[in-house]
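Asker: Numbering (my numbering), first residue to last: 36 to 540. For each residue, glycine too, the CB sits at the ideal point set by N, CA and C. So that we are looking at the same thing, I have put the structure below in structure tokens.
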Amino acid sequence: MHRIGIVALVVLVAGCAARRPMPPLAGPSSAPVMETPDRVALIAAPVEGDWKALGDEATALLSQYLRINTTNPPGNEIVAARWLARVLQHEGIEARIFEPAPGKANLYARLAGDGSARPIILLNHMDVVLVSPEFWTVDPFAGVIKDGYVWGRGALDMKGEGIAQLMTLLILKRARVPLKRDVIFLATADEEIGAGVGAAWFVEHHGDLIRDAEFLLNEGGTTRANGRGGVDYYGVGTTEKSPFWLDITVRGTAGHGSRPTPDNPVHRLVRALDRIASWSGRTPLVVTPAVERYFRDLATIERDSTQRSWFADIRSALRDSVAVRSITGDLAYNALLRNTISITGLKGSDKTNVIPPVATAVVDVRLLPGQEPAAFLAELVRVVADTAVTFRPQGPSWPATESPADTELFRAIVAAAHARHPDALVTTPMLAGFTDSHYFRRMGIASYGIAPFPLTQSDSRGVHGNDERISVAALRFGVRFYYDVVARVAAPKASTIVGPHDERL
Ligand SMILES: [Zn+2]
Numbered sequence: 036m037h038r039i040g041i042v043a044l045v046v047l048v049a050g051c052a053a054r055r056p057m058p059p060l061a062g063p064s065s066a067p068v069m070e071t072p073d074r075v076a077l078i079a080a081p082v083e084g085d086w087k088a089l090g091d092e093a094t095a096l097l098s099q100y101l102r103i104n105t106t107n108p109p110g111n112e113i114v115a116a117r118w119l120a121r122v123l124q125h126e127g128i129e130a131r132i133f134e135p136a137p138g139k140a141n142l143y144a145r146l147a148g149d150g151s152a153r154p155i156i157l158l159n160h161m162d163v164v165l166v167s168p169e170f171w172t173v174d175p176f177a178g179v180i181k182d183g184y185v186w187g188r189g190a191l192d193m194k195g196e197g198i199a200q201l202m203t204l205l206i207l208k209r210a211r212v213p214l215k216r217d218v219i220f221l222a223t224a225d226e227e228i229g230a231g232v233g234a235a236w237f238v239e240h241h242g243d244l245i246r247d248a249e250f251l252l253n254e255g256g257t258t259r260a261n262g263r264g265g266v267d268y269y270g271v272g273t274t275e276k277s278p279f280w281l282d283i284t285v286r287g288t289a290g291h292g293s294r295p296t297p298d299n300p301v302h303r304l305v306r307a308l309d310r311i312a313s314w315s316g317r318t319p320l321v322v323t324p325a326v327e328r329y330f331r332d333l334a335t336i337e338r339d340s341t342q343r344s345w346f347a348d349i350r351s352a353l354r355d356s357v358a359v360r361s362i363t364g365d366l367a368y369n370a371l372l373r374n375t376i377s378i379t380g381l382k383g384s385d386k387t388n389v390i391p392p393v394a395t396a397v398v399d400v401r402l403l404p405g406q407e408p409a410a411f412l413a414e415l416v417r418v419v420a421d422t423a424v425t426f427r428p429q430g431p432s433w434p435a436t437e438s439p440a441d442t443e444l445f446r447a448i449v450a451a452a453h454a455r456h457p458d459a460l461v462t463t464p465m466l467a468g469f470t471d472s473h474y475f476r477r478m479g480i481a482s483y484g485i486a487p488f489p490l491t492q493s494d495s496r497g498v499h500g501n502d503e504r505i506s507v508a509a510l511r512f513g514v515r516f517y518y519d520v521v522a523r524v525a526a527p528k529a530s531t532i533v534g535p536h537d538e539r540l
């Protein structure tokens, strides 16, 4: 991919030669600036020179944000929410903080548009997963900036994207960009523990605040840097698999290990798990419409001619055993084509010489769109064929949700991507994991996962791993990309659209 030079795509406001108005867009700028109506009319999106300062500001903000330890549990999101509220308040944006439980918080802020279109929500979670600091080369909660990277737990998942969203709000506000739709910033708790008092709680208790929204942007996309300074792939999340985690329990007669019992629950559980394990590799292959479209898109960039023909018609390919072996041999493709089952936990006795009264296992099941949890469970019960084995879902389950790709927001994402990388593939991979988007998709809000930061394979290794970090170059790119996407869909004037940039990734 070629490198794109500096191109200011800002459409000049007619009759305005020197169109760099005040106030400065790079903050913090809280000082009141007197503006004449004429000058206000000239205020538009940032120009090339502003983006350097905005990138610096985003870097500094992310570093501060990463210093707030929101490891969940316990999360302590209230500290992050108060910090976000302060940053917003400084710009004159009021934020509301909801505290569903001690130490827990969800933050909501709204920039008003003229109401001619329905709102867009920028959703981010404030909590992060545990760290094993002994494997980190820096303190994961020090907001370290070194070697061109911002380091810390959450840099990628997802405080970095949260900062890109925050900067979008700040820039829209500072530049007084006229909006046709409200832009809502929603920072939530408890995404990483899959339950709790975050997005689910907010939707249940304060759904009225967002019910009118048309669109939502969240984590769950992939933007792949090609390692040569460009980007060749933008994956936009329109659908994701649905988790269906199960506890499996077998009861039997406890006893001494030296006198085997016929109904040792561990033996019985192991037999059940053996049937599940062998079935896990044989669950039916299913091609959902989104996955079919995704493979067709992949075919356009696939270099290997055999793979290309398989991807172009994945349904036919799956009737060919050679193709099936090859395609499902790829862990990522396999997960897109079937319900998956991973046995992940086992518990019997704590002591070698004691037969326990109960043995348990936990199983991570992920269901494709269109699959009913109850129907899958019935199938699993049939496979195990042992009435002594009981299955219990760990939490609420839901059929996988999907948002249409034929929307103004989707087109805005495609336009922003192609403005930067005309040859990049913009496609809709199904996420094998899951995000909070399903809560909003079920309300009828078209919700997309986008990844503002182009990452190489090795860059993304830090997500839930060690030495999580984001390059300052990717952060700069992402802040500008995010603003561009939101401006395209929320601001009716072309003058707010920003084009490519010169950041080498
Ligand atoms: Zn996340």
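Note the first and the last residue of the continuous alpha helix (DSSP H) segment covering residue 140.
Answerer: Here residue 140 is taken as the residue at index 105 of the sequence shown, counted from 1. Note, residue 140: premise wrong, no alpha helix (DSSP H); not H, not E.
Asker: Within the continuous alpha helix (DSSP H) that includes residue 445, where are the two ends?
Answerer: Residue 445 sits at position 410 when you count from the first residue of the sequence shown. First-last of the alpha helix (DSSP H) with residue 445: 443-455.
Asker: Would you call the stretch 475-491 in contact with the stretch 239-257, where contact means no fewer than 3 C-beta pairs closer than 8 Å?
Answerer: yes
Asker: Spatial neighbours of residue 66 within its chain, please: C-beta separation below 7 Å, excluding the five flanking residues on both sides.
Answerer: Locating residue 66 in the sequence shown gives position 31, counting from the first residue. Residue confidence for residue 66 is low, a pLDDT of 35 falling below 50, so the modelled location carries little weight; the figure read from the coordinates is stated next. No residues qualify anywhere along the chain.
Asker: Grab me the residues of residue 301's own chain with a C-beta within less than 6 Å of its C-beta, minus the 5 sequence neighbours each way, in chain order.
Answerer: Sequence index remark: in the sequence shown, residue 301 carries index 266 (1-based). Within the same chain, residue 301 has close Cβ partners 383, 394.
Asker: Would you kindly check if the distance between the Cβ of residue 508 and the Cβ of residue 262 is under 9 Å?
Answerer: Within the sequence shown, residue 262 is the residue found at index 227, counting from 1. Within the sequence shown, residue 508 is the residue found at index 473, counting from 1. Their beta carbons are not under 9 Å apart, which means residue 262 does not touch residue 508 by this criterion.
Asker: Does the Cβ of residue 226 lie closer than 8 Å to at least one heavy atom of ligand 1?
Answerer: As a working mapping, residue 226 is identified with position 191 in the sequence shown. Checking every heavy atom of ligand 1 against the Cβ of residue 226, one is found closer than 8 Å.
Asker: State the DSSP-derived secondary structure class of residue 275, mapped to helix, strand or coil.
Answerer: Counted from its first residue, the sequence shown places residue 275 at position 240. Of the three classes helix, strand and coil, the one that applies to residue 275 here is strand, per DSSP.
Asker: Using a Cβ-Cβ cut-off of 7 Å (strictly less than) and excluding sequence neighbours within five positions of residue 134, which residues of its own chain qualify?
Answerer: Along the sequence shown, read from residue 1 onward, the residue named residue 134 stands at position 99. Around residue 134: 113, 140.
Asker: Quick one: measure Cβ to Cβ for residue 326 and residue 371, integer angstroms, because I've assumed they're closer than 8 Å.
Answerer: Taking the first residue of the sequence shown as 1, we reach residue 326 at position 291. Taking the first residue of the sequence shown as 1, we reach residue 371 at position 336. At roughly 5 Å, the Cβ-Cβ gap stays under 8 Å, so residue 326 and residue 371 are in contact.
Asker: By DSSP, does residue 369 sit in helix, in strand, or in coil?
Answerer: Here the question's residue 369 lines up with position 334 in the sequence shown. In the structure shown, the three-state DSSP call for residue 369 is helix.
Asker: With distance defined between alpha-carbon atoms, name the residue in 162, 157, 87, 130 nearest to residue 102.
Answerer: Here residue 102 refers to the residue found at position 67 when the sequence shown is read from its first residue. When each option's Cα is compared against that of residue 102, the closest is 162.
Asker: Determine whether the beta carbon atoms of residue 266 and residue 456 lie at a separation below 9 Å.
Answerer: For the purposes of this step, residue 266 is taken as the residue at position 231 of the sequence shown. For the purposes of this step, residue 456 is taken as the residue at position 421 of the sequence shown. A Cβ-Cβ contact shorter than 9 Å links residue 266 with residue 456.
Asker: Is the distance from the Cβ of residue 471 to the Cβ of residue 235 below 9 Å?
Answerer: On the sequence shown, position 436 is the one that residue 471 refers to. On the sequence shown, position 200 is the one that residue 235 refers to. Cβ atoms of residue 471 and residue 235: closer than 9 Å.
Asker: So for residue 376, helix, strand or coil by DSSP?
Answerer: Position 341 of the sequence shown, counted from the start, is the residue given in the question as residue 376. Three-state result, residue 376: strand.
Asker: Distance check for residue 475 and residue 424, CA to CA, integer angstroms please.
Answerer: One-based indexing of the sequence shown puts residue 424 at position 389. One-based indexing of the sequence shown puts residue 475 at position 440. Going from the Cα of residue 424 to the Cα of residue 475 covers about 36 Å.
Asker: Give a yes or no on whether the C-beta atoms belonging to residue 123 and residue 201 are separated by under 9 Å.
Answerer: Locating residue 123 in the sequence shown gives position 88, counting from the first residue. Locating residue 201 in the sequence shown gives position 166, counting from the first residue. Their beta carbons are under 9 Å apart, which means residue 123 touches residue 201 by this criterion.
Asker: So what's residue 436 in DSSP terms, helix, strand or just coil?
Answerer: Locating residue 436 in the sequence shown gives position 401, counting from the first residue. Coil, per DSSP.
Asker: Looking at residue 215 and residue 128, is the spacing between their C-beta atoms short of 9 Å?
Answerer: On the sequence shown, residue 128 is found 93 positions in, with the first residue counted as 1. On the sequence shown, residue 215 is found 180 positions in, with the first residue counted as 1. In this structure, residue 215 does not lie closer than 9 Å to residue 128 by Cβ.
Asker: Return helix, strand or coil for residue 317, following the three-state DSSP convention.
Answerer: Residue numbering aside, residue 317 sits at position 282 when the sequence shown is read from its first letter. In this structure, residue 317 counts as coil in the three-state DSSP scheme.
Asker: How big is the Cα-Cα spacing for residue 78 and residue 95?
Answerer: Residue numbering aside, residue 78 sits at position 43 when the sequence shown is read from its first letter. Residue numbering aside, residue 95 sits at position 60 when the sequence shown is read from its first letter. Annotation note: pLDDT 44 at residue 78 (below 50); position unreliable, no value reported.
Asker: With DSSP collapsed to three states, give me the class of residue 145.
Answerer: Here residue 145 is taken as the residue at index 110 of the sequence shown, counted from 1. DSSP places residue 145 in strand when its eight states are reduced to three.
Asker: One question on the structure: do residue 468 and residue 276 come within less than 9 Å of each other, judged by their Cβ atoms?
Answerer: For the purposes of this step, residue 468 is identified with residue 433 of the sequence shown, where counting begins at 1. For the purposes of this step, residue 276 is identified with residue 241 of the sequence shown, where counting begins at 1. In contact: residue 468 and residue 276 (Cβ atoms closer than 9 Å).
Asker: State the beta-bridge partners of residue 186 as determined by DSSP.
Answerer: Position 151 of the sequence shown, counted from the start, is the residue given in the question as residue 186. Answer is 504, bridged to residue 186.
Asker: DSSP on residue 65, reduced to helix/strand/coil?
Answerer: Position 30 of the sequence shown, counted from the start, is the residue given in the question as residue 65. Low per-residue confidence applies at residue 65: pLDDT is 34, beneath 50, and the placement is therefore not dependable enough to give any value.
Asker: Beta carbon of residue 193: closer than 8 Å to some heavy atom of ligand 1?
Answerer: Walking along the sequence shown from the start, residue 193 turns up at place 158. Annotation for residue 193 indicates a beta carbon within 8 Å of some heavy atom of ligand 1.
Asker: May I ask which residues mark the beginning and end of the alpha helix (DSSP H) holding residue 401?
Answerer: The residue labelled residue 401 in the question sits at position 366 within the sequence shown. Run containing residue 401: none in the alpha helix (DSSP H); it sits in the beta strand (DSSP E), 393-402.
Asker: In this structure, does DSSP put residue 493 in helix, strand or coil?
Answerer: To locate residue 493, count along the sequence shown from 1; it is residue 458. Residue state, collapsed to three classes: coil.
Asker: Return the chain-ordered ranges of every beta strand (DSSP E) run that is complete within the stretch 242-312 and spans a minimum of 3 residues.
Answerer: 250-253, 257-260, 266-270, 281-286
Asker: Verify the contact flag: residue 257, CB atom, against every heavy atom of ligand 1, threshold strictly below 8 Å.
Answerer: Locating residue 257 in the sequence shown gives position 222, where the first residue counts as 1. Residue 257: no, Cβ never under 8 Å from ligand 1.
Asker: Helix, strand or coil: how does DSSP classify residue 160 here?
Answerer: Taking the first residue of the sequence shown as 1, we reach residue 160 at position 125. It is a strand residue.
Asker: Per DSSP, residue 482 forms a beta bridge with which residues?
Answerer: On the sequence shown, residue 482 is found 447 positions in, with the first residue counted as 1. According to the DSSP secondary-structure assignment, residue 482 is paired through a beta bridge with 251.
Asker: Is any heavy atom of ligand 1 found at a distance shorter than 8 Å from the C-beta of residue 473?
Answerer: Taking the first residue of the sequence shown as 1, we reach residue 473 at position 438. No - ligand 1 has no heavy atom lying nearer than 8 Å to the Cβ of residue 473.
Asker: Roughly how many angstroms lie between the CA atoms of residue 460 and residue 417, to the nearest whole one?
Answerer: The count along the sequence shown starts at 1 and reaches residue 460 at position 425. The count along the sequence shown starts at 1 and reaches residue 417 at position 382. So the alpha carbons of these two residues sit roughly 42 Å apart.
Asker: If you follow the beta strand (DSSP E) that residue 175 is in, where does it begin and where does it stop?
Answerer: Counted from its first residue, the sequence shown places residue 175 at position 140. Where residue 175 is concerned, there is no enclosing beta strand (DSSP E), given that its DSSP letter is neither H nor E.
Asker: Tell me, please, whether the stretch 282-297 touches the stretch 400-407 by the rule of three or more beta-carbon pairs shorter than 8 Å.
Answerer: Output reads no: the stretch 400-407 does not touch the stretch 282-297.
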